[in-house]
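Written below as structure tokens is the structure these notes are about.
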Amino acid sequence: KYRTLGTYYMSVARNYEKAIENYETLVKLFPADDGGHGNLGLAYLYTGNVPRAIEEARKVLQIYPSSGSQRYNYAMYSMYAGDFDTAVAEGSRVVKETPSFELAFLPIALSKVAKGDFEGALATYGELEQTGPSGAALARFGRADLEMYRGRYRDALKILEEAILLDQKAGNTGMLAQDHVAAAESYLAVGDKKRAVAAARKAAAA
């Protein structure tokens with residue numbers, strides 16, 4: 002009951018306070034419910050309460066230390082809190098234990114970017130690219146994002162042009178939409194409003 006209500010309030014009604022209320026009741030009644038702790042942490046994150054999100058991630062890892070998804074959450078929440086060293090350490094642990102867990106590369110790469118270690122971030126994206134087609138798509142987007150972050154929008158567009166072709170060929174609609182959004186932002190940054198509008202429309206269509 003409380004799991005269902007929590008999911009409804011978080012995913013459908015977008016009433017995160019009510020989601021927290023139900024998930025808190027759930028984990029109080031069933032302290033070892035990993036999904037309850039995990040979703041409670043996410044609900045806290047959605048309300049901007051990152052410290053409580055981290056607290057829930059730590060709680061569930063005390064019960065299920067081998068849970069890759071919960072450790073990934075811990076890495077991401079740590080990154081959001083500005084604790085980049087923990088984000089890198091925890092993300093790296095997930096990658097080491099489950100190399101196919103593609104998303105775990107992201108808190109590592111993004112935390113390195115935040116610390117100014119651009120070469121380290123590129124190396125992480127290089128490792129992500131080797132995990133398979135979806136990992137390669139994420140890695141391309143990550144490299145483009147890094148170029149945008151550094152103000153190198155024309156270099157980002159070169160990466161995005163290739164990404165759009167490959168994601169279109171693979172039928173990767175979700176990634177394709179993100180490619181077009183990034184392209185629209187990059188075109189706007191270099192003063193090409195016409196192409197920016199066209200890319201935004203393609204993103205909306207995707």
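Just so we're aligned, residue 2 is where the sequence shown starts under this note's numbering, counting upward by one. In this text, a Cβ means the ideal position worked out from N, Cα and C, and glycines have one as well. Here the structure is a predicted model, which means the values were calculated and not measured.
Under 6 Å Cβ to Cβ from Val89, same chain only, skipping five residues before and after it: list those, please. By the criterion of a C-beta distance shorter than 6 Å, Val89 is surrounded in its chain by Ile109, Ser112, once the five residues flanking it on both sides are discounted.
Rounded to whole angstroms, how far is the Cβ of Thr125 from the Cβ of Phe106, which I believe are closer than 8 Å? Cβ atoms of Thr125 and Phe106 come within 8 Å of each other, at about 6 Å.
Taking the CB atoms as reference points, tell me whether Leu27 and Tyr10 lie closer together than 8 Å. Going by C-beta atoms, Leu27 is not nearer than 8 Å to Tyr10.
Just to confirm before moving on: does the CB-CB distance between Ala33 and Ile64 stay below 8 Å? Yes; because the gap between Cβ atoms is below 8 Å, this pair is in contact.
Evaluate the contact criterion for the region 182–192 versus the region 150–165: three or more CB pairs, one atom per stretch, below 8 Å. Contact between the region 182–192 and the region 150–165 is established, with three or more Cβ pairs separated by less than 8 Å.
Within 10 angstroms of its Cβ, does Gly175 collect 16 or more other Cβ (buried), or is it exposed? Gly175 should be labelled exposed.
Only counting the same chain, and skipping five residues up and downstream in sequence, which positions put a Cβ closer than 6 Å to that of Lys203? Cβ within range, chain order: His181.
Hey, Gly69 and Glu98 are a contact pair by Cβ (cut 8 Å); roughly how many whole angstroms apart? Indeed, because the Cβ distance is near 6 Å, the residues count as touching under 8 Å.
Below 8 Å on the Cβ atoms is my guess for Leu177 versus Ala140; work out the distance and round it to an integer in Å. Not confirmed; about 15 Å, so no contact.
What residues in its chain sit with their C-beta under 8 Å from that of Tyr78, if we drop five residues either side in the sequence? Sequence-distant partners of Tyr78 (beyond 5 residues in either direction) whose C-beta falls short of 8 Å from its own C-beta, in its chain, are Gly42, Leu46, Val51, Ala54, Ile55, Ala58.
Pick out whichever of Thr8, Val198, Val13 has its Cα sitting closest to the Cα of Glu25. Cα-wise, what sits closest to Glu25 is Thr8.
Under DSSP, the alpha helix (DSSP H) around Tyr75 begins and ends at which residues? Annotation: the continuous alpha helix (DSSP H) that includes Tyr75 extends over 69–81.
Thinking just about the alpha-carbon of each residue, which of Ala137, Ser67, Met149, Glu186 is nearest to the one in Leu167? Looking at the Cα atoms, Ala137 is the closest of the given residues.
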